[in-house]
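There are 2 protein chains.
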Amino acid sequence: MIKEKNIQIIGAGLCGSLLALRLGQRGYNVTVFEKRPDLRKVDISAGRSINLALSDRGFAAIDLVGIQDKVQPFCIPMNGRMLHDTEGNTVLAPYSGREHEYINSISRGDLNSLLLDEAEALPNVTLHFNYDCRSVDFENATSHFYNYETKKESSQSADVIFGTDGAGSALRKNYYLENKFLFSFSQDYLTHGYKELSILPAENNGYKAYKNALHIWGRGDFMLIALPNLDGSFTVTLFLSYAEGDYNFNNLTTKERVLEFFEKYFKDALELMPNLIDDFFENPTAPLGTVKCSPWHYKGKTILLGDAAHAIVPFYGQGMNASFEDVVEFDKFLDLDFTTWERVFEAFEKSRKQDTDAIADLAIDNFHEMKGHVNHTDFREKRSLEMAFEKQFPNDYSSKYSLVTFNEKIGYREAMLRGRAQDKAILNMLADKVIKTPLDLSPDTLKQTLQNVQKETNNILEDDRVAGLK
Amino acid sequence: MIKEKNIQIIGAGLCGSLLALRLGQRGYNVTVFEKRPDLRKVDISAGRSINLALSDRGFAAIDLVGIQDKVQPFCIPMNGRMLHDTEGNTVLAPYSGREHEYINSISRGDLNSLLLDEAEALPNVTLHFNYDCRSVDFENATSHFYNYETKKESSQSADVIFGTDGAGSALRKNYYLENKFLFSFSQDYLTHGYKELSILPAENNGYKAYKNALHIWGRGDFMLIALPNLDGSFTVTLFLSYAEGDYNFNNLTTKERVLEFFEKYFKDALELMPNLIDDFFENPTAPLGTVKCSPWHYKGKTILLGDAAHAIVPFYGQGMNASFEDVVEFDKFLDLDFTTWERVFEAFEKSRKQDTDAIADLAIDNFHEMKGHVNHTDFREKRSLEMAFEKQFPNDYSSKYSLVTFNEKIGYREAMLRGRAQDKAILNMLADKVIKTPLDLSPDTLKQTLQNVQKETNNILEDDRVAGLK
Numbered sequence: 001m002i003k004e005k006n007i008q009i010i011g012a013g014l015c016g017s018l019l020a021l022r023l024g025q026r027g028y029n030v031t032v033f034e035k036r037p038d039l040r041k042v043d044i045s046a047g048r049s050i051n052l053a054l055s056d057r058g059f060a061a062i063d064l065v066g067i068q069d070k071v072q073p074f075c076i077p078m079n080g081r082m083l084h085d086t087e088g089n090t091v092l093a094p095y096s097g098r099e100h101e102y103i104n105s106i107s108r109g110d111l112n113s114l115l116l117d118e119a120e121a122l123p124n125v126t127l128h129f130n131y132d133c134r135s136v137d138f139e140n141a142t143s144h145f146y147n148y149e150t151k152k153e154s155s156q157s158a159d160v161i162f163g164t165d166g167a168g169s170a171l172r173k174n175y176y177l178e179n180k181f182l183f184s185f186s187q188d189y190l191t192h193g194y195k196e197l198s199i200l201p202a203e204n205n206g207y208k209a210y211k212n213a214l215h216i217w218g219r220g221d222f223m224l225i226a227l228p229n230l231d232g233s234f235t236v237t238l239f240l241s242y243a244e245g246d247y248n249f250n251n252l253t254t255k256e257r258v259l260e261f262f263e264k265y266f267k268d269a270l271e272l273m274p275n276l277i278d279d280f281f282e283n284p285t286a287p288l289g290t291v292k293c294s295p296w297h298y299k300g301k302t303i304l305l306g307d308a309a310h311a312i313v314p315f316y317g318q319g320m321n322a323s324f325e326d327v328v329e330f331d332k333f334l335d336l337d338f339t340t341w342e343r344v345f346e347a348f349e350k351s352r353k354q355d356t357d358a359i360a361d362l363a364i365d366n367f368h369e370m371k372g373h374v375n376h377t378d379f380r381e382k383r384s385l386e387m388a389f390e391k392q393f394p395n396d397y398s399s400k401y402s403l404v405t406f407n408e409k410i411g412y413r414e415a416m417l418r419g420r421a422q423d424k425a426i427l428n429m430l431a432d433k434v435i436k437t438p439l440d441l442s443p444d445t446l447k448q449t450l451q452n453v454q455k456e457t458n459n460i461l462e463d464d465r466v467a468g469l470k
Numbered sequence: 001m002i003k004e005k006n007i008q009i010i011g012a013g014l015c016g017s018l019l020a021l022r023l024g025q026r027g028y029n030v031t032v033f034e035k036r037p038d039l040r041k042v043d044i045s046a047g048r049s050i051n052l053a054l055s056d057r058g059f060a061a062i063d064l065v066g067i068q069d070k071v072q073p074f075c076i077p078m079n080g081r082m083l084h085d086t087e088g089n090t091v092l093a094p095y096s097g098r099e100h101e102y103i104n105s106i107s108r109g110d111l112n113s114l115l116l117d118e119a120e121a122l123p124n125v126t127l128h129f130n131y132d133c134r135s136v137d138f139e140n141a142t143s144h145f146y147n148y149e150t151k152k153e154s155s156q157s158a159d160v161i162f163g164t165d166g167a168g169s170a171l172r173k174n175y176y177l178e179n180k181f182l183f184s185f186s187q188d189y190l191t192h193g194y195k196e197l198s199i200l201p202a203e204n205n206g207y208k209a210y211k212n213a214l215h216i217w218g219r220g221d222f223m224l225i226a227l228p229n230l231d232g233s234f235t236v237t238l239f240l241s242y243a244e245g246d247y248n249f250n251n252l253t254t255k256e257r258v259l260e261f262f263e264k265y266f267k268d269a270l271e272l273m274p275n276l277i278d279d280f281f282e283n284p285t286a287p288l289g290t291v292k293c294s295p296w297h298y299k300g301k302t303i304l305l306g307d308a309a310h311a312i313v314p315f316y317g318q319g320m321n322a323s324f325e326d327v328v329e330f331d332k333f334l335d336l337d338f339t340t341w342e343r344v345f346e347a348f349e350k351s352r353k354q355d356t357d358a359i360a361d362l363a364i365d366n367f368h369e370m371k372g373h374v375n376h377t378d379f380r381e382k383r384s385l386e387m388a389f390e391k392q393f394p395n396d397y398s399s400k401y402s403l404v405t406f407n408e409k410i411g412y413r414e415a416m417l418r419g420r421a422q423d424k425a426i427l428n429m430l431a432d433k434v435i436k437t438p439l440d441l442s443p444d445t446l447k448q449t450l451q452n453v454q455k456e457t458n459n460i461l462e463d464d465r466v467a468g469l470k
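Spelled out as structure tokens, the structure:
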């Protein structure tokens, strides 16, 4: 048993509030400090990251804290990608050949509010808002805050501090700047940024586009996506280069030019967005970055979790799911027989970091897949073959997407290695005409094809292993 | 032609002094500010990084500035790795099957002094020592220095500033901290650190160990290496984990324990090092890190070059060679028809960064190869096959090591992709018993084996290309 029970959490976003709830349930004394006002009382979305895709790894965390029934009403199932071409033609590409596998659009605000309510209901959890963490003395487990309401500074100590303060983490910044230990750290920006737009509801909260899909207008160098909200609206996001290409964020500076761009590339979307120009010029353009670092913890005093430890780009819909899974994985180490926080932190990071590194890399893969590959013949043939495998042999095959999204029993790293090897096997077998697409195949031939893909996948993994590459 | 001729260089290490010499030769007005005292007058080695391996990419830079004849006398050829096992048995593993391909041990101080002399001899190059760069106003191309001699601060402006101030670059730090543009940045530390030791000369400047080799005592989790110096001594470096394993830097705290460690693992080396204990406790333990970043340049005002842009671990002997090659590559862009520094910087980074990223990754590969793989049967069989290929068919095959070290006509990235594919092909063909080691092979069979390896290598590269992996 670990004796130190007083826990401070910096940041009451999705990860911090879930962590507070879970540690509260386990009996720790938890004090949470959040920089922003209480989002249950003040609208703080400000045109950024309003909605999210909740999937199986996230649900495992929801199950852990026992609030499945309260989350379910906020979820809108998205069964596949609705691909829009420049002519306005659409095709639904399912996420899985298994009907029960889909992802869920959910509002960040709704989910965060629910987690805060649940955490706050525990007598041993206390929430403080408007406390901006300015620095952390990690040697002494003491944080320094500035309170936006009282305009006063204060220091808050605890036995252990969890930094769940997101991609711009103050704790992580202190690790880097203080130079007290060897801190490996990376921040990598894409050349693309993003801007949130919207499709407003139809009359009576109806949906102007198909509700149960993640809509994608992939154009190779850039893309538009849309996710449904409960009120009938869609949150639309434009991913576009800052400086490259004929149209980019740096040169889309006039109403005329923005309309020209949308008319040329997103005509059917534009028809649903009479409010485009207002959204475009009111909402900020934000960067897309990946953050990795190590170690996450300092002795038994402090630890980073969620985006603070591993911020990723949004293209796999796994940012929140990965942060929630951190809490699930961390919780498992609390069940083990460790006697100090330091040993818990070490063991957790050793086990977990390979998986968060993997989802960061997978998310970059998916950026290229979503904006371009989804429209290529070879990619579409691969996907249709995989859908046939998953439908006909649901126990024998899972695509990379399915391994990552719907198989919370295996880690992201294993999903990445196996998923990439499968993709490589199928794409090469298609290119070499060794296998054909499912439309031409009898059930027996499909079974044989699956076995060939599995054999080739295992060969690829074995060849990499022999070469010491993985 | 570019009009702005006034150039400031921060840092007069190997890269900065070579750059000053080259830009001086091209007619620019060059002012160099170096933090340390003039190493031609003061010994500043302080037990760190005394010697280096100079190879073909570095020589290309030496050729560019026309000082081949002056560098040659400082070089000690090392034809291969002398591998020492725990019993004290040795075997020489050549770097190449071609006799003219070898690397050269050279003193950092001797080479740096020569470059400073050559640069200073030009009327349009000025050198200043003891100027510590504290920050750079990159918007206005102005650096702020503290002078260790006068104890005064000063600001120095130029048309363009080159930051060749090494792995701890002040300019790079400003890029990161000022948050004025999206700056991707990573620092990655190995769990291992290093400590320099020495084997002193025999009588009359003789060598106590074989002179023309890089000696390696690889022990799986750690290793010792030794490079010859002109005076008969060897610079010895211990690479060891800080905290892991039975023996590590954190627990080698007494004379007895250090001797016990060396007696157990490096007995034949210990016999040559009666001065071990003094060296061990006098010299610092230093970390091993990789730095990558982007962009290197800010508008047409500032640019990072050498270690400041891409510090790498020392295991490929390519740190200095990569920095020198930066100057060769940069010089090519000055021959082109650009009219602004900004366009030169953009074009240079776009072309160069993929190669410096590759050598950073290759150097990590070689860390594992040197401390462990060199002793494994499969690795040794691969190397003996490659040596036979290079000897019998010198125009048809180059190993990964040779591609990286002796083939300056191709970039590091191409060397990495082809070299890794070759290694993968050979290791898997050996594992599958498709090919045999050269001792068993007739010349005709060796030729056939080479063709099989080339075919399999091309298959591997093509499979990766189809899968979009490279």
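So the sequence lines, in the order shown, correspond to chains A and B. Going by the UniProt record's numbering, the residue at position 2 of the first sequence is 2; the numbering climbs one at a time, nothing skipped. Going by the UniProt record's numbering, the residue at position 5 of the second sequence is 5; the numbering climbs one at a time, nothing skipped. Note that beta-carbon positions come from the ideal geometry of N, C-alpha and C, so glycine has one too.
Any C-beta of chain A under 7 Å from that of residue i
i        : result
Asn428/B : yes
Ala286/B : no
Ala170/B : no
Asp444/B : no
Interface residues of chain E facing residue i [CB-CB closer than 9 Å]
i        : result
Phe185/A : Structure shown: chain E not included; protein chains present are A and B.
Residue i, enclosing beta strand (DSSP E) - first and last residue
i        : result
Gly218/A : Leu214 to Gly218
Ala226/B : Met223 to Pro228
Ala93/A  : Thr90 to Pro94
Ala167/B : Here Ala167/B belongs to no beta strand (DSSP E), and DSSP marks it neither H nor E.
Ala53/A  : Asn51 to Leu54
Short CB-CB distance (under 7 Å) between residue i and chain B
i        : result
Pro295/A : no
N- and C-terminal bounds of the alpha helix (DSSP H) containing residue i
i        : result
His368/B : Trp341 to Lys371
Cys293/B : No alpha helix (DSSP H) contains Cys293/B, which is instead part of the beta strand (DSSP E) from Ala286 to Ser294.
Asn251/B : Looking at the DSSP string, Asn251/B is not in any alpha helix (DSSP H), and its letter there is neither H nor E.
Leu334/A : Gly319 to Leu334
Gly419/B : Tyr412 to Ala431
Gly206/B : Run containing Gly206/B: none; DSSP gives neither H nor E here.
Arg134/A : It is not in any alpha helix (DSSP H) - Arg134/A instead sits in the beta strand (DSSP E) that spans Tyr131 to Asp137.
Tyr401/A : Lys400 to Phe406
Counted within 10 angstroms of its Cβ, other Cβ atoms place residue i as buried (16 or more) or exposed
i             : result
Asp396/B      : exposed
residue 471/B : The question about residue 471/B has no answer, for chain B in this structure spans 1 to 470.
His192/A      : buried
Gly66/A       : exposed
Ser143/B      : buried
Gln68/B       : exposed
Leu92/B       : exposed
Val434/B      : exposed
Ala388/A      : buried
Met1/B        : exposed
Gln422/A      : buried
Interface residues of chain B facing residue i [CB-CB closer than 8 Å]
i        : result
Ala467/A : Arg420, Asp423, Lys424, Leu427 and Asn428
Under 9 Å by beta carbon: chain B residues contacting residue i
i       : result
Asp56/A : Residues of chain B passing the Cβ test: none, with the nearest at roughly 26 Å.
Neighbour list for residue i in chain A, Cβ cutoff strictly below 7 Å
i        : result
Leu182/B : Tyr189 and Pro287
Contact list for residue i against chain A, beta-carbon separation under 8 Å
i        : result
Ala431/B : Val466
Presumed contact (8 Å Cβ cut-off) between residue i and residue j, rounded CB distance
i        : j        : result
Ser105/A : Met78/A  : 6 Å
Gly163/A : Ile303/A : 7 Å
Asn51/A  : Thr235/A : 5 Å
Partners in chain B for residue i, counting only beta-carbon separations shorter than 7 Å
i        : result
Asp463/A : Lys424 and Asn428
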